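Some notes on the structure that comes next.
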Ligand SMILES: Cc1cc2nc3c(=O)[nH]c(=O)nc-3n(C[C@H](O)[C@H](O)[C@H](O)COP(=O)(O)OP(=O)(O)OC[C@H]3O[C@@H](n4cnc5c(N)ncnc54)[C@H](O)[C@@H]3O)c2cc1C
Ligand code: SF4
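Residue numbers (full-length UniProt numbering): 1 to 699.
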């Protein structure tokens with residue numbers, strides 16, 4: 001399938017009418033940044049600090065800056081100091097955006113092991129104090145809401161520095177030059193990246209064919225109906241043409257994923273691995289100790305599942321409570337949502353959340369990158385670079401990625417201003433500066449901790465969490481990463497090659513079928529301490545325009561690469577060629593998709609027959625349901641028949657053993673877990689209409 005067909009399906013306008021041929025406006029900028037998280041905003045601010053006359057545009061898919069941001073969050077302020085100065089007391093007067101919402105200073109940190117029976121999910125009575133690893137020292141740090149902090153940082157970027165921040169505008173597709181005239185990003189890096197950074201020592205590939213350049217990004221179209229016809233509000237997205245594009249989409253970004261694959265940026269890396277965090281914010285009237293930090297291990301996670309919980313005492317009597325589960329969990333019957341609810345049943349946590357003195361205010365979930373240094377793709381590509389979690393710079397031992405995200409944003413910004421002043425579109429100096437930065441040293445020192453949880457490598461008798469804790473303890477206290485070895489996340493080169501371009505993801509490969517696993521019997525919820533999923537979801541205030549194409553696309557693997565060449569889109573100054581409503585699905589594209597129904601049917605078959613419908617339990621928003629298909633094939637409406645003959649035929653054939661998949665896309669909170677974990681690897685998360693999604697404010 002060529003790029004044009006793919007983008008038709010992945011841009012929100014997609015294949016049912018020829019959206020790419022709808023004339024769209026172009027806007028040109030010096031630097032385009034996709035994502036107004038810590039990485040994107042730090043980059044934007046630093047560019048303006050260095051050269052205020054450069055035009056810097058930041059696109060943000062959330063309706064407001066911060067509304068799609070969820071994190072712990074203990075902030076290590078090093079990069080913030082670098083960006084805005086060390087004297088916090090001057091921020092308000094200097095930047096004119098009020099006091100920075102830095103919550104409270106981190107106080108005492110402790111770590112406990114929660115006892116309990118994880119086969120029946122019955123909590124034990126004890127919370128055993130265990131030594132705190134040195135990375136968890138939080139002296140000088142702050143406990144914040146990252147959503148609130150980025151909202152403030154966005155204002156500083158916009159109001160003080162003149163960055164153009166556009167919330168509600170999602171980057172939906174990458175535009176590449178038609179000609180492959182650029183040097184491959186691997187020139188001068190082939191063999192070096194693996195040797196110096198990721199530890200993946202493979203023979204250097206000295207073939208460096210010329211490649212295209214990233215010219216910018218298309219924002220998502222608005223006003224396309226569920227049946228792929230333009231409605232009265234239809235507005236084609238803009239083409240943001242940029243000299244340089246920085247991708248700051250956070251973990252598993254949809255554009256980042258496609259660019260990594262397009263330029264084989266993970267050619268000398270391990271595949272990315274992920275954690276999945278579920279969080280609630282509670283208001284408590286008793287037992288609140290501002291600044292207190294507790295990390296938990298043990299219950300509710302079994303000995304083969306990586307992860308742990310946190311309890312951060314924020315300001316204003318708020319408590320941030322959460323659980324991170326390694327997405328490589330094996331048992332398809334696992335429900336991270338229920339795990340988290342059960343965690344609150346443990347007396348250690350239950351005692352904090354008494355119904356008479358506490359109240360749950362917020363809920364949400366998000367994946368985070370855990371692969372560390374080994375999984376970092378080459379950071380630059382022709383015309384841009386990956387920053388923050390788009391690349392994967394979380395320090396998983398500390399569960400901190402804000403300072404590294406901001407740090408890489410700053411490094412990329414330095415390189416971008418330099419490149420622009422010499423009319424270059426290469427950011428390879430950003431990659432070089434990363435290698436000598438404290439971020440690299442920090443990630444290098446902890447590189448073996450996460451993979452040690454599979455130590456000794458993936459044998460049947462690996463020590464699981466206990467082995468990992470033991471190794472991590474020794475490494476953190478004595479070795480400090482100064483070992484000649486670098487553990488891999490993969491078992492062998494074959495597995496690395498198989499999942500290095502993110503599909504099938506390594507985490508999906510780790511999932512075991514139901515034939516070798518046992519169902520987990522979760523005890524009932526105990527509202528208001530623990531509740532069903534939809535009650536929790538209502539706290540996210542999630543909204544998506546219902547009449548739009550599903551942004552969770554069922555696709556086959558090769559299709560999951562987003563990208564279009566410049567000549568494949570029509571720009572306004574090229575004139576009107578055809579009106580959108582006349583260019584319908586009778587295009588060769590839609591005619592040539594006889595397998596759409598088969599995809600859906602295969603999805604249901606694989607996921608139900610081998611994984612008991614994993615997504616029904618994994619998704620933290622109840623988006624996926626496998627339901628009885630009671631419908632007899634109903635005759636399609638006249639309009640549908642005319643516009644989408646193939647589609648209607650498909651819908652009627654997509655069930656398997658009388659079960660069909662229902663995707664409640666309007667509930668999606670953009671955590672990206674389904675795209676990573678689905679065993680059939682056929683779900684691609686793409687951006688919905690701009691502004692849709694959760695409305696986080698204190699997460
Ligand atoms: C549960 C959890 C707990 C964590 N705890 C901590 C902690 O205590 N301390 C810490 O330092 N770190 C923590 N982290 C990690 C930290 O949150 C991340 O490393 C950090 O937020 C990464 O910043 P970023 O800017 O790269 O990405 P993000 O913060 O994810 O921001 C990305 C932004 O880009 C937007 N975006 C994405 N795609 C598009 C698109 N196509 N178009 C337009 N906009 C787009 C998103 O809406 C979002 O606003 C935690 C993470 C999680 C998930
Ligand atoms: S549909 Fe996917 S991205 Fe959306 S909330 Fe569910 S798992 Fe997360």
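Glycine residues also receive a C-beta, built at the ideal position from the N, C-alpha and C atoms.
No experiment lies behind these values; they were computed from the predicted model shown.
Considering residue 341, what are the terminal residues of the alpha helix (DSSP H) in which it resides? 336-343
Within 8 angstroms (strictly less), CB to CB, does residue 537 reach chain D? No chain D appears in the structure shown, which is made up of a single protein chain.
Which runs of the alpha helix (DSSP H) at least 4 residues long sit entirely within the stretch 522-559? Give them in chain order. 533-537
Residue 234 (DSSP reduced to helix, strand or coil): strand
Please report the straight-line C-alpha distance between residue 333 and residue 629, rounded to a whole angstrom. 23 angstroms
Going by Cα to Cα distance, which pick from 347, 406, 434, 355 is closest to residue 378? 434
With respect to 7 angstroms, is the separation between the Cβ of residue 279 and the closest non-hydrogen atom of ligand 1 below this value? yes
If we ignore side chains and look at the alpha-carbon of each, how far apart do residue 526 and residue 619 end up? 21 angstroms
Can you tell me which residues fall inside 6 angstroms of ligand 2, judged by beta-carbon distance to its nearest heavy atom, and keep chain order? 552, 619, 620, 621, 623, 668, 669, 670, 671, 672, 673, 674, 685
Residue 568 in three-state terms, based on DSSP: helix
By the 10 Å Cβ neighbour count, where 16 or more other Cβ atoms means buried, how is residue 195 classified, buried or exposed? exposed
Check whether the Cβ of residue 400 sits closer than 7 angstroms to any heavy atom of ligand 1, and report yes or no. yes
Going by beta-carbon coordinates alone, are residue 346 and residue 299 separated by less than 8 angstroms? yes
Taking the alpha carbon of residue 276 as the reference point, which residue from 673, 692, 689, 678 has its own alpha carbon closest? 673
Where residue 600 sits in the DSSP three-state scheme: helix
Whose C-beta lies closer than 6 angstroms to the C-beta of residue 193 among residues of the same chain, with five residues either side of it excluded? 268, 378
Local Cβ density within 10 Å of residue 96, reported as buried at 16 or more and exposed below that: exposed
What would DSSP say about residue 520, mapped onto helix, strand or coil? coil
To the nearest angstrom, report how far apart residue 436 and residue 666 are at their CA atoms. 44 angstroms
Is residue 134 helix, strand or coil by DSSP? helix
Taking residue 761 as the reference, give the member of 491, 83, 567 with the closest Cα. Since the first residue of the chain shown is 1 and the last is 699, residue 761 is not available in this structure.
Which whole-angstrom value is the C-beta distance of residue 408 and residue 388, which I expect to be below 8 angstroms? 6 angstroms
May I ask you to verify whether the stretch 443-455 touches the stretch 201-212, counting CB pairs closer than 8 angstroms and requiring at least 3? no
What is the rounded straight-line gap between the Cα of residue 206 and the Cα of residue 338? 49 angstroms
Could you pull the DSSP bridge partners for residue 406 from this structure? Looking at the DSSP assignment, residue 406 forms no beta bridge with any residue, so it has no partner.
Do you know offhand how far residue 85's Cα is from residue 91's? 8 angstroms
If residue 722 and residue 60 are in contact, beta carbons under 8 angstroms, what's the gap, nearest whole angstrom? Since the first residue shown for the chain is 1 and the last is 699, residue 722 is missing from the structure and cannot be characterised.
Residue 319: CB within 7 angstroms of a non-hydrogen atom of ligand 1: no
Excluding the 5 residues preceding and the 5 following residue 232 in the sequence, name in chain order all residues of the same chain whose CB lies nearer than 8 angstroms to its CB. 223
By Cβ distance below 7 angstroms, which residues in the same chain neighbour residue 373 in space, the five residues on each side in sequence not counted? 197, 198, 443, 444, 447
Which of the three DSSP states, helix, strand or coil, is assigned to residue 625? strand
Once DSSP output is grouped into helix, strand and coil, what is the label at residue 605? helix
3 or more residues per run - each beta strand (DSSP E) lying fully within the stretch 19-47: 26-34
Using a Cβ-Cβ cutoff of less than 8 angstroms, which residues in the same chain neighbour residue 106 once the five nearest sequence positions on both sides are dropped? 74, 138, 139, 140, 141, 142, 143, 291, 293
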